[in-house]
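Numbered continuously in this note's numbering, the sequence shown closes out at residue 516. C-beta atoms are modelled at their ideal positions from N, C-alpha and C, and glycine is treated no differently. Inspection log for the structure reproduced underneath, given as structure tokens.
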Amino acid sequence: MNYIDKVRTVEKVYKRKPVLIVSAPGRADFLNTHQDYKGLPVVPVAINLRTYVFSLGAEKDKFIIDSLNLRKGGSRYRDKVPLKDISLVRGKWFGNYLRGVLLAFKEVFDFEPDKGLRIVIYSDVPIGSGLASSAALEVAFGKMLDEFYGLKLSPKDLAEACFYAENGICKIPCGRLDQYSAAFGEAILLYPKPPVKVEKLPLKGLKLVVADSGIRHSVADIHPRRQSEINRGLQELLSMPDVPERVKEKLAPRFDEVSWEELSLEELSPFLQRIDGTSAKRIEFTFLMNNYTMKAVELIKESGGRLSPSLLKQIGEIMNKEHELLRDLYDVSLPELERIRNKMLEGGALGVKLSGAGMGGSLIALVEDNETGRRVANKALEGGARKTWIVSVDEGARKEIYAPAHQ
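Here's what the structure looks like:
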């Protein structure tokens with residue numbers, strides 16, 4: 110459904126004309142998956158599957174927020190949030206992400222509105238699919254608050270507040286990858302360890318195929334396990350008397366406190382053989398994944414935006430290597446995902462890898478053109494994918510131009 114159709118649907122369902130419309134993109138987790146929460150640089154690509162937030166006008170003493178996707182699916186779809194004394198509700202509830210944003214804005218920006226909003230959310234980003242649906246929701250809602258209340262936030266302000274909403278308030282152990290991708294858009298190289306740094310990468314013409322496996326996952330289920338496994342290995346390394354002090358100085362008991370970029374796999378290899386095998390795999394993954402990503406970033410920067418067949422082939426090969434690491438050293442793939450991936454490679458994809466936390470969700474494939482993209486998408490469906498999209502690089506959070514329903 111295109112943007113104008115969404116506007117028409119909202120007007121038909123609610124019998125009201127939106128006074129303001131904003132949106133934020135989903136993202137393909139392009140390079141260095143499972144690394145942002147360790148503080149390592151990552152490369153997300155914002156894609157043209159977007160979450161739209163419609164304001165139907167002000168409300169006197171609360172926010173009334175509807176998810177049109179949930180409404181159409183027959184699920185509970187409305188959250189009513191008071192202006193004062195906001196709290197999260199028990200269980201998994203879409204409104205908690207938005208409550209988290211309101212609480213974050215209050216804490217970070219002293220946001221104390223004297224009136225609320227009537228909000229409708231309509232999203233193209235499938236939930237739990239590895240395309241950052243929660244961040245697209247948070248950032249789009251944050252952008253609505255920014256525009257409606259005239260907060261004049263920068264993309265970094267918006268991203269950081271929405272990261273705090275999910276990580277600090279909702280207590281979901283994510284990194285900064287998703288919120289920064291949704292706020293800044295396009296392809297970026299994100300250095301997530303404070304002071305956070307963002308570099309735009311010249312990948313505007315990139316063509317990707319997204320294949321949603323239909324298998325749902327949760328960051329809250331996957332990330333804590335991998336983080337705990339890394340912590341266990343780090344603590345074992347720190348307890349070894351023969352690990353040199355110069356190495357121990359760069360280590361830490363927690364995954365997010367290690368100076369990963371100052372260490373090398375070669376320094377740790379002799380000791381990894383003596384720690385828990387699972388933990389050793391997770392630590393080895395961290396180094397190898399980062400090495401491949403930095404090689405790809407170097408190639409992209411050298412290209413100056415010219416996506417030559419040679420460059421695309423090299424990036425595709427790196428995507429394949431990164432997927433193999435996710436499968437073999439991080440154990441976040443599944444036989445169903447491998448079946449879809451093999452079909453996409455058969456169809457002519459240059460590279461195919463997991464997007465997001467894994468154990469389900471989506472695969473992303475790099476293709477040379479739309480014709481190859483259609484072939485790869487069809488192959489993914491043959492392999493068992495629930496749905497596919499051919500996507501392109503898109504802008505970050507933005508105010509939309511209103512399209513009257515009679516157009």
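Asked	Found
Cβ contact (3+ pairs, closer than 8 Å) linking the stretch 444–454 and the stretch 478–492	yes
Beta-carbon proximity list for LEU438, same chain, < 8 Å, skipping 5 on both sides	LYS390, ARG391, GLU393, PHE394, LEU397
Simplified DSSP state of PRO134, which is helix, strand or coil	strand
Residue of PHE250, ASP145, SER238 minimising C-alpha distance to TYR101	It is not possible to answer for residue 101, since the shown part of the chain is limited to 110 through 516.
Beta carbon of ALA292 nearer than 8 Å to that of VAL328	no
Strand pairing of ASP188, partner residues [DSSP]	ILE174
Entirely enclosed alpha helix (DSSP H) segments - the stretch 203–289, minimum 4 residues	203–218, 242–258, 264–272
Contact check, ILE339 vs SER388, beta carbons under 8 Å	yes
Proximity to ILE156 [Cα-Cα], best of GLY135, PHE139, ASP170, THR142	GLY135
Cβ neighbours of GLY284 in the same chain (closer than 6 Å, five flanking residues each side left out)	ASP145, TYR146, PRO301
GLY209 versus VAL190: straight-line alpha-carbon distance, rounded	11 Å
Exposure label - GLU269; buried when at least 16 CB within 10 Å	buried
Bounding residues of the alpha helix (DSSP H) (the contiguous stretch that carries ASP114)	112–123
Contact between the stretch 169–181 and the stretch 307–326 (3+ Cβ pairs under 8 Å)	no
Limits of the unbroken alpha helix (DSSP H) element including VAL328	328–348
Alpha carbon of THR142 to alpha carbon of VAL151, nearest angstrom	7 Å
Same chain, Cβ closer than 6 Å to TYR289, five either side skipped, listed in chain order	ALA268, LEU299
Per-residue burial, ALA241 [other beta carbons within 10 Å of its own, 16 or more giving buried]	buried
Through-space distance from GLU358 to GLY323, alpha-carbon basis	44 Å
Sequence-distant residues of the same chain with beta carbon closer than 7 Å to LEU434, five excluded per side	PHE394, LEU397, MET398
Under 8 Å between C-beta atoms of SER164 and VAL128	yes
ILE473, buried or exposed, once every other Cβ within 10 Å from all chains shown has been counted against 16	buried
Close-in-space but distant-in-sequence residues of the same chain around LEU140 (CB under 6 Å, 5 per side omitted)	VAL152, THR402, ALA405
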